[in-house]
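In this text, residue positions in the sequence shown follow this note's numbering: the first is 22, and each later residue adds one.
Don't be surprised by glycine CBs; every beta carbon is placed ideally from N, CA and C.
This one's a predicted model, so the numbers in the text were calculated from it and none came from an experiment.
Here's the structure, in C-alpha cells; my notes come after.
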Amino acid sequence: MRYTFVHAADLHLDTPFHGIGQVSPRIGDALRDASLDAFDALIALTIRVEARFLLLAGDLYDGINRGIRAQHRFLRGLERLGARGIKTFIVHGNHDPLSGWSAIKHWPEGVHVFGAEAVESHPLQHDGETYATVHGISYGQAAVKENLSLRFRRGPEPGLQIGLLHANIGQNGDHAPYSPASLDDLKRAGLDYWALGHIHRRQVLSRAPWVVYPGNLQGRSPKSSEMGPKGALVVTVDGGRLQEPRFEPLDRIRFVSLEVDLSTLVDVSSLQRTLMEAAEKQQAEDGGRHLIIRATLKGRSALYTELRHPGRLDELLDVLRQEGDRPGTFLWWEDLRNDAAPNLEREKLLLQGSFTSELLRLQNERLADPASVERFVGNRLEQLSRFKSLLPPMSEIEHEALLREAEALALDLLEKD
22 MRYTFVHAAD LHLDTPFHGI GQVSPRIGDA LRDASLDAFD ALIALTIRVE
72 ARFLLLAGDL YDGINRGIRA QHRFLRGLER LGARGIKTFI VHGNHDPLSG
122 WSAIKHWPEG VHVFGAEAVE SHPLQHDGET YATVHGISYG QAAVKENLSL
172 RFRRGPEPGL QIGLLHANIG QNGDHAPYSP ASLDDLKRAG LDYWALGHIH
222 RRQVLSRAPW VVYPGNLQGR SPKSSEMGPK GALVVTVDGG RLQEPRFEPL
272 DRIRFVSLEV DLSTLVDVSS LQRTLMEAAE KQQAEDGGRH LIIRATLKGR
322 SALYTELRHP GRLDELLDVL RQEGDRPGTF LWWEDLRNDA APNLEREKLL
372 LQGSFTSELL RLQNERLADP ASVERFVGNR LEQLSRFKSL LPPMSEIEHE
422 ALLREAEALA LDLLEKD
C-alpha cells in the first residue's frame, strides 16, 4: 500500500509584524497577509499530492487571543480538505493552547483536535484495514514544562505509528523549553515517525525512527532561525516503509541575508548597484518571491571611511528601499551593516615600530585569548551600566566582532590624522 501525508507546524496565522509597516504600508500589508497566504498554499499542496491526511504540530495561531480573521481562514481551509476526504490532525502548542478563545464551535468532518488530558490514539483505515495510527496531545496552558513525550507508547494497531507533538527536543536554546525531551525519550516510545513542532528551523533529528521538525510555514523576522525557505514536508509511505520527507517551500515572503565584498568597489554608486544586483540574483534563486533583506558589507576598502560618515549608511539604505519598493514583487532592505575594514595592510603596519604597530600587537594578544576579550569588552560595557536595560545580551562572537570593529575605527582615525 502506498500513500502520502503532509506534516506542517508553527503556522502563526495572522502573525503581527512590527516596524516595517510604519515605513512602508504596502509592504506591511503584505507581511500581515503572508502567514494566511502560506496556509492557503499548504491546503493547495495537500490536495495536489493527494495526501491521506495533514498533520499540524502546534502554534497554529500567534497568541491565545486568536483573531477572527485567522480562525475563519483556517476553518475554510480545513473544509476544503474535508470535502475531498482528507483528514486533519491537530495539536495545540504554547502560542495557541486549548485554553485560548475559539470562534470555531464545530469542526468539519475529518478534523480531529487532540485534547490536553492524555495522549489520544486515532487509527486510520482503508478498505477495513488499519494502515496508520496517529497519537497526539495538546497543550492545555501556554507554559507546559512536563516532558509529554514520556506519555507516548506504541499501540497494538498494525501499520505506521505517528507521534504528533509540540516540544523542544535536545534543549534548543533558540526556543522556550516547553515539553523538553531528549531524543532517547522519543526513541523509547517505539513509534515510527515523530511529527514535531515548536522549533522554526527545519531539521531531521533521527531517521530510525524518523524525528522531524518541518520548521515554520512563513518566516517571521530577520533572526537566523527565521531566514531562508519555509514550508511543509510531504511524506510518502510505500509498503509500510517511510521515504525521505520532501520539503515543499510555501512561504510568500522570505527573509534572507546577503554579504557584499567592498574590496573592488570604488564609490557608493557602485556599491548601490552591486547590492541591488545581489538582491535581484537572490530573488531569482528564490523563485521571484518578495524578499526582506539584511545585508552585511565585508572586506577592506577605501569606502570604509566614507561609509562611517554619520548618516551615510542610512542614506544608502533609504535609496535601496525606494528602489526595491517596486510594483509586483518587492525587495525590502531591512538593515545594512558595515562590517568592512579600512584599506590598510595590517601586517605591514605591525612592522613599522610605531604607536599603530604597538596597538595592533596588543590587539593580537587580546584576540588570541577569548577570556581576555570577554574581560576587556565586558569592562567597557560595564561603564555604560546606566544604559544596561537598552543593551541586548551579547555572545562571545559578538564581543570579538565589536573589538575588531573598534580596531578598524582606530586604525582609520590614526592613519587619517
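Euclidean distance between Cα positions of isoleucine 220 and glycine 136:
21 Å
Kindly list the residues whose CB is nearer than 8 Å to the CB of serine 203, restricted to its own chain and excluding five residues on each side of it in sequence; keep chain order.
Ile190 and Gly191
8 Å contact criterion, which isoleucine 107 and glycine 84 should meet: CB distance rounded:
That belief does not hold up - the Cβ atoms of isoleucine 107 and glycine 84 are roughly 28 Å apart, past 8 Å.
Quick one: complete beta strand (DSSP E) runs, 3+ long, within the stretch 90-117?
108-112
My guess is that leucine 279 and alanine 299 are in contact by the Cβ rule of under 8 Å, so how many angstroms apart are they, rounded?
5 Å
So, is phenylalanine 110 buried or exposed, given that buried needs 16 or more other C-beta atoms within 10 angstroms?
buried
C-beta contact flag for proline 129 and leucine 99 at 8 Å:
yes
Residue(s) in a DSSP beta bridge with glycine 252:
Pro270
Rounded separation between lysine 319 and arginine 222 - CA only
26 Å
Would you mind giving the Cβ-Cβ distance between valine 256 and histidine 28, rounded to the nearest angstrom? I have them listed as a contact below 8 Å.
6 Å
8 Å Cβ shell around glutamate 167 - same chain, five flanking residues per side excluded:
Ser200
Could you name the residues of the same chain whose beta carbon sits closer than 6 Å to that of aspartate 356, not counting the 5 residues immediately before and after it, in chain order?
Arg315
In the DSSP assignment, find the alpha helix (DSSP H) that holds glutamine 304 and state where it starts and stops.
289-306
Is glycine 184 buried or exposed, if buried means 16 or more other CB atoms sit within 10 Å of its CB?
buried
Quick one, are the C-beta atoms of aspartate 35 and glycine 218 less than 8 Å apart?
no
With 16 as the cutoff for other CB atoms within 10 Å, does aspartate 259 come out buried or exposed?
exposed
For the alpha helix (DSSP H) containing tyrosine 82, name the first residue and the last one.
Taken as a continuous stretch (DSSP letters only), tyrosine 82 belongs to no alpha helix (DSSP H), as it is neither H nor E.
Identify the residues that DSSP records as bridge partners of leucine 263: which are they?
Val258
May I ask you to report which of helix, strand or coil DSSP gives proline 391?
helix
Glutamine 162 beta carbon less than 8 Å from that of proline 118
yes
Taking the Cβ atom as the reference point for each residue, do leucine 57 and alanine 91 lie within a distance shorter than 8 Å?
yes
What are the boundary residues of the beta strand (DSSP E) that includes glutamate 167?
Where glutamate 167 is concerned, there is no enclosing beta strand (DSSP E), given that its DSSP letter is neither H nor E.
Could you tell me whether any non-hydrogen atom of the ligand FMN is closer than 7 Å to the CB of leucine 63?
Ligands are entirely absent from the displayed structure, and the ligand FMN is therefore not among its contents.
Are the stretch 245-256 and the stretch 284-295 in contact at 8 Å, needing three or more beta carbon pairs?
no
Excluding the 5 residues preceding and the 5 following glycine 103 in the sequence, name in chain order all residues of the same chain whose CB lies nearer than 7 Å to its CB.
Pro129, Glu130, Gly131 and Val132
Taking serine 56 as part of the alpha helix (DSSP H), name the residues at either end of that continuous run.
46-69
Which residues in the same chain have their Cβ closer than 8 Å to the Cβ of glutamate 178, if we skip the five residues on either side of it in sequence?
Ser142, Pro144, Thr151 and Thr154
Look at the Cβ atom of isoleucine 158, then the Cβ atom of leucine 186, and state whether they are nearer than 8 Å.
yes
Whose C-beta lies closer than 7 Å to the C-beta of threonine 439 among residues of the same chain, with five residues either side of it excluded?
This structure cannot settle anything about residue 439, because the visible part of the chain is limited to 22 through 438.
Does DSSP put asparagine 385 in a helix, in a strand, or in coil?
helix
Tell me whether leucine 420 sits in a helix, a strand or coil according to DSSP, three-state version.
For clarity, residue 420 is histidine in the given sequence; the question names leucine instead. Correct three-state label for histidine 420: helix.
Tell me the DSSP secondary structure of alanine 202 in three-state form.
strand
Based on the DSSP secondary-structure assignment, which residues constitute the bridge partners of histidine 147?
Glu150
Cβ distance (whole Å) where alanine 429 is taken to contact proline 348 below 8 Å
Not confirmed; about 40 Å, so no contact.
If contacts are defined as beta-carbon pairs under 8 Å, then glutamate 417 and glutamate 395 qualify, I think. What distance do you get, rounded to the angstrom?
7 Å
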